[in-house]
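Written out below as structure tokens is the structure these notes cover.
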DNA sequence: ATCCAACTTGACCCGGGGGTCAAGTTGGAT
DNA sequence: ATCCAACTTGACCCCCGGGTCAAGTTGGAT
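Protein chains in written order, with UniProt numbering: chain V, 1 to 210; chain X, 1 to 210.
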């Protein structure tokens with residue numbers, strides 16, 4: 001590979017990482033090329049597909065952070081606390097970083113590394129779930145598939161609410177967690193209730209996809 | 001209005017109702033015209049905007065059914081049962097009819113009648129919620145804004161899961177309801193857990209908007 | 001210094017959805 | 001039967017995003 005191509009590949013990688021983090025993995029490829037200061041033809045030359053570009057940055061963008069959270073969740077003394085921490089933290093990551101959200105829940109089957117990250121996440125989820133279930137604090141009929149769907153939904157909510165009601169997703173997660181633990185503890189909600197206007201705004205963003 | 005225009009308006013109304021029910025309120029206007037056997041120019045002549053067309057059919061498509069469910073929910077002897085019935089039934093309506101889903105959660109602020117239906121739904125929700133809270137069976141920090149967001153999320157999930165795992169939304173609703181009631185009752189789940197493959201399929205449909 | 005393969009560029013293609021409007025057709029009043 | 005306003009039509013325009021490729025440029029080996 002020639003030196004200039006190398007440089008361009010790097011510029012594209014950087015631009016992609018930036019834009020993925022700002023706007024998610026579905027950002028137009030031409031826009032990535034524009035930010036990299038390069039023709040979109042060059043992007044196609046060097047990477048060919050969006051998936052290849054994703055695989056190029058997914059490790060930096062998401063893998064490490066997700067692994068960290070999972071690891072920390074397993075280090076909690078109380079299994080339920082670990083589980084709750086995991087759910088909240090993953091949702092928080094998703095809320096603050098659209099790239100993470102799309103990695104966890106966006107399906108790009110052609111992006112091998114992304115799929116690998118996804119599998120790791122599910123494996124971690126399973127371990128955290130089973131630990132809490134063994135401790136008797138998490139309902140036994142909850143599966144890691146359920147959890148990944150929760151992550152997917154929460155990511156959509158968080159993105160829709162980012163402008164009008166940041167943190168709204170925390171209420172949803174709180175309700176859900178209270179339904180998942182075996183004890184009848186109803187924790188206080190972490191965020192104030194939404195106004196009707198906020199709710200309408202969020203609802204609007206929920207169906208109009210970015 | 002001339003007789004032929006009248007007929008075309010009716011054909012368009014019918015086609016819109018059909019397609020809205022099949023594919024939701026975002027269906028391309030040109031497709032509605034096609035199904036009506038009419039040029040899309042005519043659609044623009046007679047209705048001008050998507051919102052006008054929506055207002056034309058929203059009452060038939062959604063208003064009555066939503067009102068019915070709300071009314072029935074209030075007729076339950078047990079306030080919690082009424083609340084749970086309401087949540088499940090509205091989600092079920094949404095799952096079986098994309099038009100209802102978009103009416104409840106899709107934001108079309110320019111469609112006056114749709115907004116009216118929406119307001120009615122929120123009013124009904126408030127009454128059902130407050131009744132259950134007065135009875136002490138629903139946690140007091142749950143608001144009608146929360147509920148409408150639940151409806152919005154569930155609608156997305158149901159649509160995404162329609163092909164791969166119909167009924168998957170019921171698990172989510174069940175978890176949530178268990179987190180909303182004050183007693184520590186954990187009902188049995190209404191549907192079998194998803195396979196990993198199903199979960200992946202649903203997750204895919206969740207981000208790829210129809 | 002030469003030269004060619006490697007690389008870049010941007011014009012161009014596609015399809016999809018929203019929207020407009022001049023030209024042609026037709027209902028129905030007279 | 002005539003006639004014109006009301007109506008319909010489909011070609012045309014827009015923007016967007018994905019994708020291709022001939023022509024032009026340039027790195028770097030010789």
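Cβ coordinates follow ideal geometry from the N, Cα and C atoms, glycine included. On a predicted model such as this, the values are computed, not experimentally measured, just so you know.
Query raised in the report: Could one say the Cβ of residue 189 of chain X lies closer than 7 Å to chain V's Cβ atoms, at least one of them?
Result: yes
Query - Option in V:169, V:181 and V:179 with minimal Cα separation from residue 194 of chain V - result: V:169
Query raised in the report: In three-state terms, what does DSSP make of residue 189 of chain X?
Result: coil
Query - Bridge partners - residue 181 of chain X, DSSP secondary structure assignment - result: X:138
Query raised in the report: Name the chain V residues that come within less than 9 Å of residue 179 of chain X, Cβ to Cβ?
Result: 174, 175, 176, 177, 178, 179, 180, 181 and 186
Query raised in the report: Considering only the beta carbon of each residue, do residue 64 of chain V and residue 73 of chain V sit closer than 7 Å?
Result: no
Requested in this report: Report yes if the C-beta distance between residue 58 of chain X and residue 103 of chain X is below 7 Å; otherwise report no.
Outcome: yes
Query - Close-in-space but distant-in-sequence residues of the same chain around residue 27 of chain V (CB under 6 Å, 5 per side omitted) - result: 19
Report task. Locate the alpha helix (DSSP H) running through residue 59 of chain V, then write down its first and last residues. Result -> Segment: none, residue 59 of chain V is in no alpha helix (DSSP H) and carries neither H nor E.
Query raised in the report: If you check the beta carbons only, do residue 25 of chain V and residue 77 of chain V fall under 7 Å apart?
Result: no
Requested in this report: With hydrogens ignored, establish whether the beta-carbon of residue 134 of chain X is closer than 6 Å to any heavy atom of the ligand ATP.
Outcome: Summarising the ligand content, the structure contains no ligands, and the ligand ATP is consequently not present.
**Report entry** Residues of its chain near residue 11 of chain V, where Cβ-Cβ distance is below 7 Å and the 5 sequence neighbours each way are ignored
**Finding:** 36, 37 and 38
Query raised in the report: What are the residues of the stretch 142 to 153 of chain X that lie near chain V, defined by any Cβ-Cβ distance shorter than 9 Å?
Result: 142, 143, 144, 145, 146, 148, 149, 150, 151, 152 and 153
Query raised in the report: How many Å lie between residue 163 of chain V and residue 2 of chain V at the Cα?
Result: 44 Å
Query raised in the report: By the criterion of Cβ-Cβ separation under 7 Å, what are the contact partners of residue 200 of chain X in chain V?
Result: 107
Query raised in the report: Among V:141, V:84, V:95 and V:178, which residue has its Cα nearest to the Cα of residue 167 of chain V?
Result: V:95
Report task. State the start and end residues of the unbroken alpha helix (DSSP H) segment that holds residue 107 of chain V. Result -> Neither: residue 107 of chain V is in no alpha helix (DSSP H) and is coded neither H nor E.
**Report entry** Host alpha helix (DSSP H) of residue 146 of chain V (start-end)
**Finding:** 144 to 161
Report task. Grab the span of the alpha helix (DSSP H) containing residue 8 of chain X for me, first residue to last. Result -> 3 to 23
Query raised in the report: Any idea what DSSP makes of residue 48 of chain X, helix, strand or coil?
Result: coil
Requested in this report: Could you name the residues of the stretch 75 to 107 of chain X whose beta carbon sits closer than 8 Å to any beta carbon of chain V, in the order they occur along the chain?
Outcome: 102, 105, 106 and 107
Query raised in the report: Can you list the alpha helix (DSSP H) stretches of 4 or more residues lying completely in the stretch 69 to 124 of chain V, in chain order?
Result: 79 to 96 and 98 to 105
Query raised in the report: Using CA coordinates, which residue listed in X:197, X:201 and X:177 is at the minimum distance from residue 190 of chain X?
Result: X:177
Query - residue 30 of chain V - containing alpha helix (DSSP H), residue span - result: 29 to 36
Report task. For residue 167 of chain V, decide whether its Cβ has a neighbour in chain X, counting only Cβ atoms nearer than 7 Å. Result -> no
Query - Sequence-distant residues of the same chain with beta carbon closer than 8 Å to residue 148 of chain V, five excluded per side - result: 104, 105, 121, 122 and 125
Query raised in the report: How would you list, in chain order, the residues of chain X whose beta-carbon sits under 9 Å from the beta-carbon of residue 193 of chain V?
Result: 141, 142, 143, 145 and 146
Query raised in the report: So what's residue 208 of chain V in DSSP terms, helix, strand or just coil?
Result: coil
Requested in this report: Below 6 Å CB to CB, which residues in the same chain sit around residue 171 of chain X once its five sequence neighbours on both sides are set aside?
Outcome: 189 and 191
**Report entry** DSSP state of residue 167 of chain X mapped onto helix, strand, coil
**Finding:** coil
Query raised in the report: Using DSSP with H/G/I as helix, E/B as strand and the rest coil, what is residue 196 of chain V?
Result: helix
Query - Closer than 7 Å at the beta carbon, the chain X residues around residue 204 of chain V - result: 107
Query raised in the report: Name the chain X residues whose beta carbon is nearer than 7 Å to that of residue 127 of chain V?
Result: Result: empty, since nearest Cβ-Cβ is about 15 Å, beyond 7 Å.
Requested in this report: Starting from the Cα of residue 87 of chain X, find the closest Cα among X:33, X:40, X:23 and X:155 and give me that residue.
Outcome: X:155
Query raised in the report: Pick from X:33, X:112, X:31 and X:196: whose alpha carbon is nearest that of residue 115 of chain V?
Result: X:196
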